[in-house]
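Add 46 to the 1-based position in the sequence shown for this note's numbering, that's all there is to it. Virtual Cβ for every residue (Gly too), placed ideally from N, Cα, C. Remember, it's a predicted structure, so these values are computed and weren't measured experimentally. Everything below concerns the one structure shown next.
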Amino acid sequence: MFTTALSSPSPQATAVDLFEAIETLKKELNAVVLAHYYQDPDIQDVADYIGDSLGLSQRAAATEADVIVFAGVHFMAETAKILNPDKLVLLPDLAAGCSLADTCPPEAFAAFKAAHPDHLVVSYINCSAAIKAMSDIICTSSNAVKIVEQIPADQPIIFAPDRNLGRYVMAQTGRDLVLWQGSCMVHEIFSEKKLVQLQMEYPHAEIVAHPECEEPVLRHAHYIGSTTALLKYVQASDRHQFIVVTEPGIIHQMQKQLPDKLFIPAPPTGNCACNECPHMRLNTLEKLYQAMKNRQPEIVLPEAIRQAALAPIQRMLAMS
Ligand code: 13P
Ligand code: SF4
Numbered sequence: 047m048f049t050t051a052l053s054s055p056s057p058q059a060t061a062v063d064l065f066e067a068i069e070t071l072k073k074e075l076n077a078v079v080l081a082h083y084y085q086d087p088d089i090q091d092v093a094d095y096i097g098d099s100l101g102l103s104q105r106a107a108a109t110e111a112d113v114i115v116f117a118g119v120h121f122m123a124e125t126a127k128i129l130n131p132d133k134l135v136l137l138p139d140l141a142a143g144c145s146l147a148d149t150c151p152p153e154a155f156a157a158f159k160a161a162h163p164d165h166l167v168v169s170y171i172n173c174s175a176a177i178k179a180m181s182d183i184i185c186t187s188s189n190a191v192k193i194v195e196q197i198p199a200d201q202p203i204i205f206a207p208d209r210n211l212g213r214y215v216m217a218q219t220g221r222d223l224v225l226w227q228g229s230c231m232v233h234e235i236f237s238e239k240k241l242v243q244l245q246m247e248y249p250h251a252e253i254v255a256h257p258e259c260e261e262p263v264l265r266h267a268h269y270i271g272s273t274t275a276l277l278k279y280v281q282a283s284d285r286h287q288f289i290v291v292t293e294p295g296i297i298h299q300m301q302k303q304l305p306d307k308l309f310i311p312a313p314p315t316g317n318c319a320c321n322e323c324p325h326m327r328l329n330t331l332e333k334l335y336q337a338m339k340n341r342q343p344e345i346v347l348p349e350a351i352r353q354a355a356l357a358p359i360q361r362m363l364a365m366s
């Protein structure tokens, strides 16, 4: 399966050198590179598949590669490992965590769950394997509404960890969910005031937003959806200008696929010009190359947690 004579670009290797070296390593390792839309454009360009959390999980579940190189954050690579215990799953930077997943520590969540013993637990995929192991069904931003709609109306539900997605699901389904009060540092920092000002500057632009944003921001959106759903929406729309209220990495794909349309990143509060996810952006093309070359850092999980986390992920895949 593995060979040892791997090409080694110099420390000053250009992106082009790295692209070539990564392509060679893909063949040598029988590896697939899966990337989220919030990754650096270079990483998106070298990926075999780019997608939202659901698409990436589906692709990880179906792959026949021996090695999965996951260009995303830890919970995503962990999900790939849960689905593929016998494959090598690499994450270019093991420190690429998630502020939302961090808002839900397992001990505190166990106590929360114990306080609601008759509740079914639906957890957003942006959580640790330990939280998944305590959940009944996993969901993503693209199937959360669909999954909650399939649960009998008289069944009480805990929704964790993102309160903003939870509120959005409540509004869409009319269900009363018990929400864990977590949120994403990237999506809660968009400024409603600056968004309204931007809309006045671009009156023909449509606002497309991710449901992890807070309600006062979502109120202005013409369309709300997962990253893949936002991409499909701007492709299908006859409009030519869009204000994009999510991590700006997605704009790389929007611009690449629709070069004649204008995509304007929504502004955050404060003086920062953009809202890049500091966790996602820990991965770089160089680190991705090094991970493939050294076959590490690798995702490793205790088997008991992996097995407990697998069932709710499989339920999600069946219900999607
Ligand atoms: P999706 O790509 O599934 O919409 O998720 C967004 C996100 O925040 C991933 O961390
Ligand atoms: Fe986590 Fe938010 Fe970054 Fe997504 S954008 S990985 S939810 S911190």
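- Of the candidates Lys-159, Met-326 and Val-254, the residue whose Cα lies closest to the Cα of His-266 is Val-254.
- No Cβ-Cβ contact shorter than 8 Å links His-298 with Ala-142.
- By the 16-neighbour rule on beta-carbons within 10 angstroms, Ala-157 is exposed.
- Put simply, of Val-92, Ile-128, Ala-106 and Lys-239 the residue whose alpha carbon is nearest the alpha carbon of Pro-358 is Ile-128.
- According to DSSP, Leu-80 shares a beta bridge with Tyr-95 and Phe-116.
- Shown here, Val-135 sits in a strand according to DSSP, grouped into three states.
- Taking a C-beta distance under 8 Å as the contact criterion, Leu-146 and Cys-230 qualify as a contact pair.
- Taking 7 Å as the cut-off, one finds no heavy atom of ligand 1 near enough to the beta carbon of Asp-148.
- When DSSP states are grouped into helix, strand and coil, Gln-85 belongs to the coil group.
- Applying a distance threshold of 5 Å between residue Cβ atoms and the heavy atoms of ligand 1 selects Asp-98, Ser-99, Thr-186, Ser-187, Ser-272 and Thr-273, given in chain order.
- Boundaries around Gln-299 are those of the alpha helix (DSSP H), 296 to 303, since no beta strand (DSSP E) includes it.
- Annotated three-state conformation of Leu-140 is coil, per DSSP.
- Separation of Ser-188 and Ile-68 (C-alpha to C-alpha, rounded to the nearest whole angstrom) is 30 Å.
- 8 Å or more divides the Cβ of Tyr-170 from the Cβ of Asp-222.
- Here Val-224 carries a strand assignment [DSSP, helix/strand/coil].
- In the displayed model, Pro-152 falls within a helix according to three-state DSSP.
- Counting along the chain, Leu-363 sits inside no beta strand (DSSP E); it lies in the alpha helix (DSSP H) bounded by residues 349 to 365.
- Relative to ligand 2, the nearest heavy atom lies less than 7 Å away from the CB of Ser-145.
- Going by C-alpha positions, Tyr-269 is about 35 Å away from Lys-333.
- The C-beta separation of His-286 from Lys-302 comes to about 16 Å, leaving the pair out of contact by the 8 Å criterion.
- Relative to the non-hydrogen atoms of ligand 2, the Cβ of His-325 comes within a distance shorter than 7 Å of at least one.
- Taking 3 residues as the minimum length, the beta strand (DSSP E) runs contained wholly in the stretch 223 to 297 are 223 to 225, 252 to 255 and 287 to 291, in order along the chain.
- With a cutoff of 7 Å, Val-119 counts as near ligand 2, since its C-beta is closer than that to a heavy atom of the ligand.
- Per DSSP, Ala-199 lies in no beta strand (DSSP E) segment and is marked neither H nor E.
- Bounds of the alpha helix (DSSP H) holding Ile-193 are 190 to 195.
- The beta carbon of Arg-213 is closer than 8 Å to those of Leu-225 and Glu-261 in its chain, skipping five residues each way along the sequence.
- When C-alpha distances from Pro-198 are compared across Gly-220, Asp-63, Ile-345 and Gly-228, the shortest belongs to Gly-220.
- Considering only Phe-309, Ala-282 and Gly-271, the residue with the shortest C-alpha distance to Tyr-248 is Phe-309.
- Close CB contacts of Pro-138 within its chain, under the 6 Å cut and outside five residues either way in sequence, are with Asn-329, Lys-333, Leu-334 and Ala-337 (chain order).
- Looking at the backbone, the Cα of Gln-245 and that of Lys-239 are separated by about 10 Å.
- Taking one beta carbon from each stretch, the stretch 108 to 127 and the stretch 76 to 95 have 3 or more pairs nearer than 8 Å; the two touch.
- Asn-172 has its CB nearer than 7 Å to a heavy atom of ligand 2.
- Residue state for Ser-103 is assigned as helix, using DSSP reduced to three classes.
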